[in-house]
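The letter at position 307 of the sequence shown is residue 298 when you use the working numbering, and the numbering goes up by one with no holes. Glycine included, C-beta positions come from ideal geometry on N, C-alpha and C.
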Amino acid sequence: MQYIKFTKDGLNISPLGFGCMRFPVIDKDLSNIDEKKAEEMLKYAIDNGLNYIDTAYNYHGGNSEKFLGKVLSKGLRDKVYLATKNPVWLVEKYEDFEKLLDEQLERLQTDHIDFYLLHSLYDKTYEKIINLDVFKFIDEAKKKGKIKYSGFSFHDRLPLFKRIVDAYPWDFCQIQLNFMDRHYQAGLEGLKYAHSKGLGVIIMEPIKGGKLANASDDVKRIWSESKIERNPAEWALRWVFNHEEVSIVLSGMSTIEQVKENIELVSNTLRNTLTDEELQLIDRVTDLYNQKVKVGCTSCEYCQPCPSNVAIPDIFEMYNNMYVYDTVDQSKKSYSKLMESSKDAFNCIECGQCEDICPQHLEIISLLKEAHRELI
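Structural data, given as structure tokens:
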């Protein structure tokens, strides 16, 4: 394992991080971690040099932190850098910040968190925690030694990302990035902006939640033109690693085989190693995927909240995924949950408010009907 220098202190950290939200589970129950298999995966990863472990308060129904605490207490805690996240959506008053942190320390059976993030910031949660003096909490937690380095994970538009980056002397941040999400949320511009400000940048969803690991025949034909044979997941990971501004790439691994493959992948340096021909192949795959998109929705959420509570961006994402990534069963299952909560397209009253404000000038009303027919 080759290591990168991370944070202003130049910590030696593995470029591959273990994301602990997709452990193997029993009977498809996401809260019931298959602890035997998951522990084997973690130990193999740590024994082979991976030393960045990422979890969160809510992963696996709250059991990810508890499970990690048990495993790391077996002589492994000092071999890794541990990252977890404050569930800011649960914070209602200033005291809640530290109350949640203390609960996480207890779950993880440790006296400090190496890398502590404010989880999943977007406009509403960010404004709330600013009003609750969150930066004071971070400063105090650092002084008490409960956290070593502070950061945030982000799920909103680029202008807000830049605003948050500039608001506090963060040590690092975490963004979503893959070759299909180059301009989504923070995107490549956000990556370069954070890097220019001295922040370490951690990447989540490098394979887009596994969607880029499963290629259709037409995508496979493009990959097959490469002089070097690689599976689709490796192409996706290599594209992210290729950017010199990227510090750590998280992988939510579910099998020991995935752990072994990913560790083998990062055994040598990956920055700036893709050739122009290989980058052109990836661009062609990106273009092919984009041609399959049914609705040109950018998830800007200008249409939200809908007067009838229709989850318009979510519906279009499910519809697109079904055709772009062949997630038919998954998309229909997700849509059925929207129907249970009365957020599906059937509840549209055709008021047209969304169409008046849509920056993409989409014919949302007719597109919702189309999506509903396909998803039910």
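Ordered along the chain, which non-local residues of its own chain (more than five positions away) have a Cβ less than 7 angstroms from that of C339? Position 348 of the sequence shown, counting from 1, holds the residue named residue 339. Excluding sequence neighbours, C339 sits near S299, V301, I356 and L359.
Around the Cβ of R212, are there at least 16 other Cβ atoms within 10 angstroms (buried) or fewer (exposed)? Taking the sequence shown and counting its residues from 1, the one referred to as residue 212 is at position 221. With fewer than 16 other Cβ atoms from the protein chains shown falling within 10 Å of its own Cβ, R212 counts as exposed.
Cβ neighbour criterion (16 or more within 10 Å) applied to T266: Here residue 266 is taken as the residue at index 275 of the sequence shown, counted from 1. Answer is exposed; the Cβ neighbour count stays below 16.
Give the C-beta separation of S144 and K76 to the nearest angstrom, bearing in mind that I take them to be a contact with Cβ-Cβ under 8 angstroms. One-based indexing of the sequence shown puts residue 144 at position 153. One-based indexing of the sequence shown puts residue 76 at position 85. That belief holds up - the Cβ atoms of S144 and K76 are roughly 6 angstroms apart, short of 8 angstroms.
Evaluate contact between the region 58 to 67 and the region 106 to 120, counting only Cβ atoms and requiring at least three cross-stretch pairs below 8 angstroms. no
Are the CB atoms of Y72 and N42 within a distance shorter than 7 angstroms? Against the sequence shown, residue 42 aligns to sequence position 51. Against the sequence shown, residue 72 aligns to sequence position 81. Yes. Within cutoff.
What do you get for S141, buried or exposed, if any count of 16 or more other CB atoms within 10 angstroms of its CB means buried? Your numbering for residue 141 matches position 150 in the sequence shown. Per the 10 Å Cβ criterion, buried.
Thinking C-beta only, is L241 closer than 7 angstroms to G1? By one-based count along the sequence shown, residue 1 stands at place 10. By one-based count along the sequence shown, residue 241 stands at place 250. Their beta carbons are not under 7 angstroms apart, which means G1 does not touch L241 by this criterion.
Counting along the chain, where does the beta strand (DSSP E) carrying C164 start and finish? The sequence position of residue 164 within the sequence shown is 173, counting from 1. C164 -> beta strand (DSSP E) spans F163 to Q167.
Can you find the residues in the same chain that come closer than 7 angstroms, C-beta to C-beta, to S207, ignoring five residues on each side of it along the sequence? By one-based count along the sequence shown, residue 207 stands at place 216. The answer, listed in chain order, is D317.
Let me know the secondary structure DSSP gives K(-4) once reduced to three states. Here residue -4 refers to the residue found at position 5 of the sequence shown. DSSP places K(-4) in strand when its eight states are reduced to three.
In this structure, does DSSP put V319 in helix, strand or coil? Within the sequence shown, numbered from 1, the residue matching residue 319 stands at position 328. V319: helix per DSSP, three-state reduction.
Let me confirm a value: K199 is counted as buried when at least 16 other C-beta atoms fall within 10 Å, else exposed. Which label applies? By 1-based counting over the sequence shown, the position of residue 199 is 208. Buried, since its Cβ has 16 or more Cβ neighbours within 10 Å.
For K127, which option in Y113, L270 and K84 has the closest C-alpha, if you only look at C-alpha atoms? Along the sequence shown, read from residue 1 onward, the residue named residue 127 stands at position 136. If we check each option's Cα against that of K127, K84 comes out closest.
If you drop the 5 nearest sequence neighbours on each side, which residues of the same chain put their C-beta closer than 6 angstroms to that of R173? To locate residue 173, count along the sequence shown from 1; it is residue 182. Excluding residues within five positions, the ones whose Cβ falls inside 6 angstroms are L179.
Of the choices M244, T289, D274 and S325, whose alpha-carbon is the least far from that of P15? Your numbering for residue 15 matches position 24 in the sequence shown. For P15, the nearest C-alpha among the options comes from M244.
Less than 8 angstroms between C-beta atoms, sequence neighbours within five positions excluded: which residues of the same chain meet that for E235? As a position in the sequence shown, residue 235 is number 244, starting the count at 1. The answer, listed in chain order, is R262 and N263.
Determine the direct distance from the alpha carbon of Q249 to that of I368, and round the result to whole angstroms. The structure shown does not extend to residue 368, since the chain is modelled only from -8 through 367, so no value can be given for it.
For D25, collect the residues of the same chain with a Cβ closer than 8 angstroms to its Cβ; drop the 5 residues on either side in sequence, then sort them by chain order. Residue numbering aside, residue 25 sits at position 34 when the sequence shown is read from its first letter. Result list for D25: F14, P15, V16 and I17, in chain order.
In chain order, what residues of the same chain have a beta carbon less than 8 angstroms from the beta carbon of G136, not counting five sequence neighbours either side? Here the question's residue 136 lines up with position 145 in the sequence shown. These residues qualify, in order along the chain: D102 and H103.
Supposed contact pair C345 and C297 - C-beta distance, whole angstroms, cut 8 angstroms: Against the sequence shown, residue 297 aligns to sequence position 306. Against the sequence shown, residue 345 aligns to sequence position 354. So it is a contact: roughly 6 angstroms between Cβ atoms.
Buried or exposed: I193, going by 16 or more other Cβ atoms within 10 Å of its Cβ? The residue given as residue 193 occupies position 202 in the sequence shown. It counts as buried.
Should L112 go down as buried or exposed, given a rule of 16 or more other Cβ atoms within 10 Å for buried? Residue numbering aside, residue 112 sits at position 121 when the sequence shown is read from its first letter. Using a 10 angstroms sphere on the CB of L112, the tally of other CB atoms reaches 16 or more, which defines it as buried.
Rounded to the nearest angstrom, what separates A227 and L190 at their Cα positions? Position 236 of the sequence shown, counting from 1, holds the residue named residue 227. Position 199 of the sequence shown, counting from 1, holds the residue named residue 190. Taking the straight line from one Cα to the other gives about 23 angstroms.
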